[in-house]
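Following UniProt numbering, the numbering of the sequence shown begins with 1 at its first residue and continues without gaps. Where is the CB? At the ideal position from N, CA and C, for every residue including glycine.
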Amino acid sequence: MTTDALDLTRQEEFAGRMVQVLNDSCLGYLCSLGHRTRLFDTMAELPPSTSAEIATATGLDERYVREWLGGMTVGGIVEYAPGDGTYRLPPEHAASLTRGAGPDNMASFLQDLALIGIVEDEVLEAFQKGGGVPYTSYPRFQELQAEETARVYDAALVDAIVPLVPGLPERLRAGIGCLDIGTGQGHAVNLLARAFPQSRFHGLDMSETGIAAARAEAERMELHNVRFDVGDTAEMSGTYDLITAFDVIHDLARPAETLSAVSGALRDDGTFLMGDIDASSRLEENVGHVLGPTLYTFSVFYCMTVSLGEGGAGLGTVWGRQTARRMLAEAGFSDVVERHVEGDVLNVYFVARK
Ligand SMILES: C[S@@+](CC[C@H](N)C(=O)[O-])C[C@H]1O[C@@H](n2cnc3c(N)ncnc32)[C@H](O)[C@@H]1O
1 MTTDALDLTR QEEFAGRMVQ VLNDSCLGYL CSLGHRTRLF DTMAELPPST SAEIATATGL
61 DERYVREWLG GMTVGGIVEY APGDGTYRLP PEHAASLTRG AGPDNMASFL QDLALIGIVE
121 DEVLEAFQKG GGVPYTSYPR FQELQAEETA RVYDAALVDA IVPLVPGLPE RLRAGIGCLD
181 IGTGQGHAVN LLARAFPQSR FHGLDMSETG IAAARAEAER MELHNVRFDV GDTAEMSGTY
241 DLITAFDVIH DLARPAETLS AVSGALRDDG TFLMGDIDAS SRLEENVGHV LGPTLYTFSV
301 FYCMTVSLGE GGAGLGTVWG RQTARRMLAE AGFSDVVERH VEGDVLNVYF VARK
């Protein structure tokens, strides 16, 4: 192509967009720090304040706080009044940045940027040589994953997700046997065990640290109807009325074997409730997905790559509804319905029966 063929307006617009990508990516790291330091939470409660007052209120070093506030100000997140040198976090912004925002807290999600940055060299090597990255390369993964999903479960599990399955709240109240596979730190299981004391709950994950945290929480919550085990989902045993998998199947090395094992472990009238990423299996249908770039990024840096790291299927975060339905059918689920929780753009819930 000669330079004559270049659309210079388009070129300039795109160059501007890339500058915005750079700026927004950098702001993501500052927002992550704003969450971890509790600067956002504290500022949401403060009147317009100087950097010294904000540093005192958070117990942080003023020089760092001032530099962070500089980035927050030029990034349009915090307002600055040069007359008196005060900074303010508008309540409309706090609604997406504080712990009080619950599932809407985007600053918490942005902690993942630093986590995936740690493995960039290993991911690069996998691009060049194939293979993947082991779970052990992601030091804070279990902790961050649990923090992110706990907000969703606290807000919606019992009141919005469980009722997606017709009759399930009643059955859980009466008492049934349940298994959650890839349970991570087990918060979903513990919440269900507390809400439905007549039912028995079992959580399974291959992560020893995840299961240790799950057991510790169950003990703190004084639950007696819950059990957690370290194990591989593809080799589960036992018989259950309800099996759940939240954000798990696309990460697995052996998803087809796991879905078959789920089918085999379910009673004939049992239900498999599979929460997964709400996307299409067709790339062209994901253009314009509100979280599209995020999903493919996390696939490259984590979901696809941990699976390939175990010599697995590498389905990826965006395996999509069509592939999920095909695999559920192949595993013996003849009745599959897709359900959504209002306001949740990330997840789709497959209610699957044999
Ligand atoms: C994305 S996390 C989801 C955790 C949890 N369900 C939640 O919603 O927070 C996926 C989980 O699957 C677990 N996992 C991956 N492969 C597994 C396998 N083969 N057997 C058991 N657990 C596995 C990981 O350790 C991780 O805790």
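Extent of the continuous alpha helix (DSSP H) run through residue i
{"i": "D278", "result": "Note, D278: premise wrong, no alpha helix (DSSP H); not H, not E."}
{"i": "A324", "result": "320–330"}
{"i": "H35", "result": "8–36"}
{"i": "N347", "result": "Where N347 is concerned, there is no enclosing alpha helix (DSSP H), although the beta strand (DSSP E) it sits in stretches over 347–353."}
{"i": "R254", "result": "Here R254 belongs to no alpha helix (DSSP H), and DSSP marks it neither H nor E."}
{"i": "G309", "result": "304–309"}
Check: residue i C-beta below 7 Å from any heavy atom of ligand 1
{"i": "S299", "result": "no"}
{"i": "F246", "result": "yes"}
{"i": "G311", "result": "no"}
{"i": "A156", "result": "no"}
{"i": "S237", "result": "no"}
{"i": "S207", "result": "yes"}
{"i": "Q128", "result": "no"}
{"i": "T317", "result": "no"}
{"i": "L179", "result": "no"}
{"i": "L204", "result": "yes"}
{"i": "L295", "result": "no"}
Chain-order list of residues whose beta-carbon lies under 6 Å from that of residue i (same chain, five-residue window excluded)
{"i": "A253", "result": "S307, E310, G312"}
Presumed contact (8 Å Cβ cut-off) between residue i and residue j, rounded CB distance
{"i": "D241", "j": "I176", "result": "4 Å"}
{"i": "L144", "j": "Q185", "result": "The pair is not a contact, with the Cβ atoms about 10 Å apart (cut-off 8 Å)."}
{"i": "Y138", "j": "L168", "result": "Contact doesn't hold; Cβ gap of about 33 Å is too wide."}
{"i": "A245", "j": "I181", "result": "5 Å"}
{"i": "D276", "j": "A324", "result": "6 Å"}
{"i": "E338", "j": "A256", "result": "Going by Cβ atoms, the distance from E338 to A256 rounds to 20 Å, so no, they are not a contact pair."}
{"i": "L179", "j": "H202", "result": "5 Å"}
{"i": "M206", "j": "D232", "result": "6 Å"}
{"i": "S263", "j": "K354", "result": "6 Å"}
{"i": "A52", "j": "E62", "result": "5 Å"}
Residue span of the beta strand (DSSP E) that contains residue i, given as start and end
{"i": "Y240", "result": "240–246"}
{"i": "V290", "result": "Element bounds for V290: n/a, residue is neither H nor E."}
{"i": "I181", "result": "177–181"}
Neighbourhood of residue i by C-beta, 7 Å cutoff - its chain only, sequence neighbours within 5 removed
{"i": "N286", "result": "A279, S280, G292, V318"}
{"i": "H93", "result": "I77"}
Under 8 Å between C-beta atoms of residue i and residue j
{"i": "V165", "j": "T258", "result": "no"}
{"i": "V230", "j": "A193", "result": "no"}
{"i": "M304", "j": "G314", "result": "yes"}
{"i": "A188", "j": "Y135", "result": "no"}
{"i": "R66", "j": "E79", "result": "no"}
{"i": "T108", "j": "H35", "result": "The sequence shown places Ser at residue 108, rather than the Thr named in the question. Taking 8 Å as the Cβ cut-off, S108 and H35 qualify as a contacting pair."}
{"i": "L172", "j": "S199", "result": "yes"}
{"i": "F298", "j": "V119", "result": "no"}
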